[in-house]
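Going line by line, the protein sequences match chains A and B. Using my numbering, you'd call the opening residue of the first sequence number 56 and step up by one each time. Using my numbering, you'd call the opening residue of the second sequence number 56 and step up by one each time. Ideal placement from N, C-alpha and C gives every residue a C-beta, glycine not left out. This one's a predicted model, so the numbers in the text were calculated from it and none came from an experiment. Shown next, in structure tokens, is the structure this report addresses.
2 protein chains.
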Amino acid sequence: MARAATTSDAFNAVAEPRRRDILNYLAMQERSVSEIVDAMETEQPSVSKHLKVLKDVGLVKARREGRQMLYRVNAVAIRPLHEWTSTFERLWKHQLLRVKERAEAKNELQ
Amino acid sequence: MARAATTSDAFNAVAEPRRRDILNYLAMQERSVSEIVDAMETEQPSVSKHLKVLKDVGLVKARREGRQMLYRVNAVAIRPLHEWTSTFERLWKHQLLRVKERAEAKNELQ
DNA sequence: TTGACGTATTCCCATATAGGAATATATTGA
DNA sequence: TCAATATATTCCTATATGGGAATACGTCAA
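Listed below in structure tokens is the structure:
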């Protein structure tokens, strides 16, 4: 078996750095493909392919306006990722607290 | 160019569902490889390979105890994912609010 | 030292990219 | 209808899987 398709879910889709770049850019506001191409350092076909992956997993929505296609983030699709990472929040806070405690204990010895 | 290596960063590492399963399981407590194998429905070599990927990107730490290797989550490595998703939180809250408003407006018409 | 247990690694293969190049499709204005 | 603009798709290739099977490695008990 090979690796899961990039379109299998949002986790796979955002694994690609350029797709995260696109989402970051669209977080500001809706943009046309050519605006995205100008903002990224990527060829237009490549951007269109990334947009297709993002659209397939529901991370972006698109609408046509004349000759242009305007893409926007569908933020609720990012929520599952946020919630999954949140289940570890307690753990890293605990971890960071212990680091801090060790640092303070070390200071008191001086 | 092919897809980025699963070991290139935490985003790529957690794209694989089985690796998220392993992290979820380890969130409870430190576990040996055979405990993980029993908990998952996966062959031992497969689990070991997933653990290697997780270890390479720093998502887990391991220590030997006799013949066993005990793995635990390194939660701080998940934090960057949490922070990236957080940048979209404002957007999906706004989105959900509008959904709610539309539903209420619809109710008032009845 | 040897055998057994627990884990890691290697080899194999089917599969899915991501980017580059070329081309197709859709829409508009003249 | 035709040319120009904006985007999408197809074809190609090098590369990196994930799982199965087999095997190697590390540690302990006798």
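Close partners of H137(B) in chain A (Cβ separation under 8 Å): H137, T140, S141, F143, E144. Taken atom to atom, the span from the alpha-carbon of E71(A) to that of R58(B) is near 8 Å.
Taking the Cα positions, F66(A) is about 26 Å away from L151(A). Listed along chain B are F143, L146, each with a C-beta nearer than 8 Å to that of V128(A). The three-state reading of DSSP puts S87(A) in strand, counting E and B together. Taking a beta-carbon distance threshold of 8 Å, L164(B) does not count as an interface residue toward chain A. Here E120(A) is bridged, per DSSP, to Q123(A).
Closer than 8 Å to the CB of V131(B) there is at least one CB belonging to chain A. In this structure, V88(B) is the residue among K110(B), V88(B), D111(B), A158(B) with its C-alpha nearest to the C-alpha of P100(B). DSSP places V131(B) in the helix class (H, G or I) of the three-state scheme. Taking C-alpha positions only, R145(A) is separated from W147(B) by approximately 23 Å. Contact annotation, L125(A) with I77(A): C-beta distance approximately 13 Å; criterion of less than 8 Å not satisfied.
Along the length of the region 65-116 of chain A, whole beta strand (DSSP E) runs at least 3 residues long do not occur.
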